[in-house]
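Read the structure below first, then the notes.
In the working numbering, the protein residues as written are 1 to 332.
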C-alpha cells in the first residue's frame, strides 16, 4: 500500500503531459526592425523568453524569406542572399561572412518578397516586379517578370507565386480591384492568352488586397478587405472561402495546413472548420514555426501563439517592438 501514492503521482504526471513527444526543432527566428536583424532562439521564444543568438546592424530592411536553405533579405534598393552555415543557437556569423550575393534594385524603396516552389518574387511596386528563378542557386540578378507592367494601372494590386507541382514550376498569380467593383484573381498559364485559372468576384471594391503564398505545396491564399470586413480565401485547384470577419486584415501567412490573416483588426487563424481570432492589437508581420507556433509582430512586440489546437491558442509575448518582417530557419 505504501506504493499507492507513488503510482497515483506518476499517473497524474503522465496525464498532465501535452503536445508531441518529439523535441522541438533547433531553429532561429529572424526578426527585422529599424535597427537591423535579430536572430532569436526559437525554443526560448516559444516559451515567452526573449533570447538572441546574435544580431546584424542592418537598416532599411523591408522583408525576409527563407528558400532553398538560404536567407533572403530585401532592403531599400537591394536584395541580398545569405548562407546559413555557421548559425547556431549560441552564435551567428557576421553579415559579411554569411553574405553570398547582393543585387541592386533601383527604385525599390518599398516592397516585399513572395516565396514559390523554387523561385522568389520581389515586388517593389506595381510596375517593378522581379523574379529570381531557382532562388537558392541562381547567380542573379533577378529579372523583370513579363507582363507585370501592363497591370501597373490597377490599384490595389497584389502578386504572388503559385507552386504548380504537377508542372514543376512557379506560376505568377495576381489579384486586383476592378474599377467597376469587385476583384479579379488570375494565375498565368503556359500561354499568356490562356490563364491557368481566373475568377471575378462581384464584391465591394477593396481598399487593400493582401495576397500571400503559403509555404505549402500547391496552395495559395488571399485575404480581401474593403476597409470594414475581410474575407479569407484559398486556392488549391479551386477557390474556396475559408472565413470572414468584420475587421480590416491585410496580411496573410500560411503553413502546416493553417492560414493566418492579420492586420489592423488583430488576427484570424483558420484550419478546416476550426478558427481562432482576436480583434487587437494591429499586426504587421506573421510567420509559422514548423512546430505549430504562429509568430505575429506588432508595434509593442511579438505575440507567439501555440496553434496546435485552435480551441485555446495560448499566447506568450516577446518585448521586441517595431518588428516589420519575420521568418525562421532550422539549424544544420
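For each residue, glycine too, the CB sits at the ideal point set by N, CA and C.
Keep in mind it's a predicted model, so treat the numbers as computed, not measured.
**Message:** Is the separation between the beta-carbon of residue 323 and that of residue 55 shorter than 8 Å?
**Reply:** Here residue 323 corresponds to residue number 323 of the chain shown, with the count starting at 1. Here residue 55 corresponds to residue number 55 of the chain shown, with the count starting at 1. Contact flag unset, no.
**Message:** Does residue 315 come out as helix, strand or coil in the three-state DSSP assignment?
**Reply:** Translated into the one-based positions of the chain shown, residue 315 becomes position 315. Three-state result, residue 315: strand.
**Asked** Does the distance from the CB of residue 297 to the CB of residue 62 come in under 8 Å?
**Response** As a working note, residue 297 is residue 297 in the chain shown. As a working note, residue 62 is residue 62 in the chain shown. Taking 8 Å as the Cβ cut-off, residue 297 and residue 62 do not qualify as a contacting pair.
**Asked** Which residues mark the beginning and the end of the beta strand (DSSP E) in which residue 43 is found?
**Response** As a first step, residue 43 is located in the chain shown; it is residue number 43 there, counting from the start. Looking at the DSSP string, residue 43 is not in any beta strand (DSSP E); the run it does join, the alpha helix (DSSP H), is 42-45.
**Message:** In the DSSP output, which residue or residues are listed as bridge partners for residue 85?
**Reply:** As a first step, residue 85 is located in the chain shown; it is residue number 85 there, counting from the start. According to the DSSP secondary-structure assignment, residue 85 is paired through a beta bridge with no residue.
**Message:** Helix, strand or coil for residue 219? Go by DSSP, reduced to three states.
**Reply:** By one-based count along the chain shown, residue 219 stands at place 219. Coil, per DSSP.
**Asked** Assuming residue 195 and residue 186 make a contact with CB atoms under 8 Å, what is their CB distance in whole Å?
**Response** The count along the chain shown starts at 1 and reaches residue 195 at position 195. The count along the chain shown starts at 1 and reaches residue 186 at position 186. Their Cβ separation, rounded to whole angstroms, is 5 Å, which keeps residue 195 and residue 186 in contact under 8 Å.
**Request:** Report the partner residues of residue 33 according to the DSSP bridge assignment.
**Result:** As a working note, residue 33 is residue 33 in the chain shown. Under DSSP, residue 33 forms a beta bridge with 36.
**Simplified DSSP state of residue 186, which is helix, strand or coil** = Numbered from 1 along the chain shown, position 186 holds the residue referred to as residue 186. Looking at residue 186 - three-state DSSP - the assignment turns out to be strand.
**Item:** the stretch 116-133 touching the stretch 83-92, judged by at least three CB pairs closer than 8 Å
**Value:** The stretch 116-133 vs the stretch 83-92: no contact.
**Message:** Is residue 130 a contact residue of the ligand MG, with contact defined as CB to any heavy atom under 7 Å?
**Reply:** Ligands displayed in this structure: none; no statement on the ligand MG is therefore possible.
**Message:** Per the DSSP calculation, residue 114 is bridged to which residue(s)?
**Reply:** Mapped onto the chain shown, residue 114 falls at position 114. BP columns for residue 114 point to 121.
**Prompt:** Hey, how far is the Cα of residue 21 from the Cα of residue 329?
**Reply:** Counting from 1 along the chain shown, the entry for residue 21 is found at position 21. Counting from 1 along the chain shown, the entry for residue 329 is found at position 329. Residue confidence is low: residue 21 scores 46 on pLDDT, short of 50, so the model does not pin down where it sits. Its coordinate-derived value is still stated next. When rounded, the separation of the alpha-carbon atoms in residue 21 and residue 329 is 21 Å.
**Which listed residue (154, 170, 290, 307) has its alpha carbon closest to that of residue 42** = Locating residue 42 in the chain shown gives position 42, where the first residue counts as 1. Comparing C-alpha distances from residue 42 to each of 154, 170, 290, 307 shows the shortest one belongs to 290.
**Message:** Using only the alpha-carbon positions, how far apart do residue 255 and residue 123 sit?
**Reply:** Counted from its first residue, the chain shown places residue 255 at position 255. Counted from its first residue, the chain shown places residue 123 at position 123. Rounded to whole angstroms, the gap between the alpha carbons of residue 255 and residue 123 is 21 Å.
**Item:** Own chain partners of residue 201 with C-beta closer than 7 Å, once the 5 adjacent residues on each side are dropped
**Value:** Walking along the chain shown from the start, residue 201 turns up at place 201. Excluding sequence neighbours, residue 201 sits near 182, 183.
**Request:** Pick helix, strand or coil for residue 97, following the three-state DSSP scheme.
**Result:** Indexing the chain shown from 1 puts residue 97 at position 97. Three-state result, residue 97: helix.
**Prompt:** Residue range of the beta strand (DSSP E) that residue 198 falls in?
**Reply:** Walking along the chain shown from the start, residue 198 turns up at place 198. Residue 198 -> beta strand (DSSP E) spans 197-201.
**Request:** Have a look at residue 274 and residue 311 and give me their C-alpha separation to the nearest angstrom.
**Result:** Translated into positions along the chain shown, residue 274 becomes position 274. Translated into positions along the chain shown, residue 311 becomes position 311. Rounded to whole angstroms, residue 274 to residue 311 spans 8 Å at the Cα level.
**Request:** Going by CA-CA distance only, name the one from 29, 277, 109, 327 that's closest to residue 307.
**Result:** Here the question's residue 307 lines up with position 307 in the chain shown. If we check each option's Cα against that of residue 307, 277 comes out closest.
**Request:** Report the residue from 279, 283, 175, 332 whose alpha carbon sits nearest the alpha carbon of residue 233.
**Result:** What you label residue 233 is simply residue 233 of the chain shown in a count that begins at 1. The candidate whose alpha carbon is nearest that of residue 233 is 175.
**Request:** Please check the pair residue 237 and residue 262, which I expect to be a contact at CB under 8 Å, by giving their CB distance rounded to whole angstroms.
**Result:** Within the chain shown, the letter at position 237 stands for residue 237. Within the chain shown, the letter at position 262 stands for residue 262. Contact between residue 237 and residue 262 does not hold, since their C-beta atoms are separated by about 26 Å, which reaches or exceeds 8 Å.
**Request:** Return the chain-ordered list of same chain residues with a C-beta closer than 8 Å to the C-beta of residue 147, the five sequence neighbours on each side being excluded.
**Result:** Counting from one through the chain shown, the residue named residue 147 turns up at place 147. Here residue 147 has 172, 188, 192 as same chain residues with Cβ atoms under 8 Å from its own Cβ, once five neighbours each way along the sequence are excluded.
**Asked** Between residue 38 and the rest of its own chain, which residues show a CB-CB distance below 6 Å, the 5 nearest in sequence each way excluded?
**Response** Your numbering for residue 38 matches position 38 in the chain shown. These residues qualify, in order along the chain: 31, 52, 55.
**Own chain residues within Cβ distance below 8 Å of residue 82, not counting five before or after** = If you number the chain shown from 1, residue 82 lands on position 82. These residues qualify, in order along the chain: 70, 71, 72, 73, 95, 98, 99, 100.
**Item:** Same chain, Cβ closer than 7 Å to residue 218, five either side skipped, listed in chain order
**Value:** Here residue 218 corresponds to residue number 218 of the chain shown, with the count starting at 1. Within its own chain, the residues whose Cβ lies closer than 7 Å to the Cβ of residue 218, once the five positions on either side in sequence are excluded, are 163, 165, 236, listed in chain order.
**Message:** Quick check on the burial criterion: 16 or more other C-beta atoms within 10 angstroms. Buried or exposed for residue 413?
**Reply:** Beyond the ends of the chain as shown, which are 1 and 332, falls residue 413; an answer cannot be given.
**Asked** So what's residue 149 in DSSP terms, helix, strand or just coil?
**Response** Counted from its first residue, the chain shown places residue 149 at position 149. Three-state result, residue 149: helix.
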